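This report refers to the structure that appears directly beneath it.
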Amino acid sequence: MKALFFYCLTCLIALHGYSQTKHEFVSIEEKVTGKRIELFAINTNTIDYDVFLKVNANGFRRSSSRPIIKTIPANSKVRMITLVKLNGVESNYTYTLVVNEIGYDIKMQKDDEDFNIKIDSALRSKVVTLFTKDNCLLCNDTKQLLSNNKISYKEFNVDQDSTHLIRLLKEFKKSDIKTKIEAPIIKIDDSLYTTIKSRKELIEALMTHFSN
């Protein structure tokens, strides 16, 4: 459904020049480092959004022209694309930004509510270490669930840097899975969860540490 939506959206942009460069909660931030320009999507709302970003660039490497579709979790900042300037060429860019609110299944919302009811306020001081990957829906669900329940977490994206995770896997004697890292991976206290495959398993793992 998401792929169909964005396919139709791409056709609409191409045919009619439709764009949504401004959004109430999602914005694009630029970071310039030498010849590199990184564009980040910032979501200041408490819900997730699907974001379509199409950059029209001149004077950059060809890869900068591809469209990007990512889910931006609540209260987060996600790198969308890196533009690299060509030598001796004047460079500039514009972009088209389209934001789509993500709907959540009623049953999933009820699961969140049940989980929220059982969390004691004194247990919220625990810090969760979360390892995620790009385009990981369960990773986004994990961050949404933690945020909704005001549980602090520190996130590491292993697609960008897996050093911290590999070191942690060695510490927990789990070096056998480092060649094929699945996400999300969660560390709470002295426990490390590396085989979470569903939202149900996620909630069960969190309940072990945060329930009364």
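In our numbering, the protein residues as written are 69 to 280. Heads up, the beta-carbon is just placed ideally off N, CA and C, and yes, glycines get one too. Only a predicted model underlies this, so the values are computations on that prediction, with no experimental measurement involved.
- DSSP lists no beta-bridge partner residue for N113.
- Straight across, the Cα-Cα distance linking N208 with G156 is about 41 Å.
- According to the DSSP assignment, E269 belongs to the alpha helix (DSSP H) that extends over 267–278.
- In its chain, beyond the 5 residues on either side, H91, V94, Y117, V119 have a beta carbon closer than 6 Å to the beta carbon of V167.
- Distance from D227 to K265 at the Cβ level is roughly 19 Å; contact not present, criterion being Cβ atoms closer than 8 Å.
- When secondary structure is reduced to three states using DSSP, L198 falls in the strand class.
- At a cut-off of 3 residues, the continuous stretches assigned as beta strand (DSSP E) that sit fully inside the segment 139–163 are 144–152.
- With a beta-carbon spacing of about 5 Å, F108 and R147 fall inside the 8 Å limit used to define contacts.
- The alpha-carbon separation between A125 and R104 amounts to approximately 13 Å.
- Using a Cβ distance threshold of 9 Å, E97 and K153 do not count as a contacting pair.
- The secondary-structure analysis by DSSP pairs R104 across a beta bridge with T101, V152.
- Judged by DSSP in its simplified three-state form, K255 adopts strand.
- One alpha carbon belongs to S193, the other to Y221, and they sit about 10 Å apart.
- Take the alpha-carbon of N113 and the one of E250: they are about 28 Å apart.
- Listed as beta-bridge partners of V94 by DSSP are N111.
- Annotation for K238: the continuous alpha helix (DSSP H) segment containing it runs 231–239.
- V166 is bridged by DSSP to F120.
- Taken through DSSP and simplified to helix, strand or coil, K211 comes out as helix.
- Of the residues assessed, T263 falls on the exposed side of the cut-off, its CB having fewer than 16 other CB atoms within 10 angstroms.
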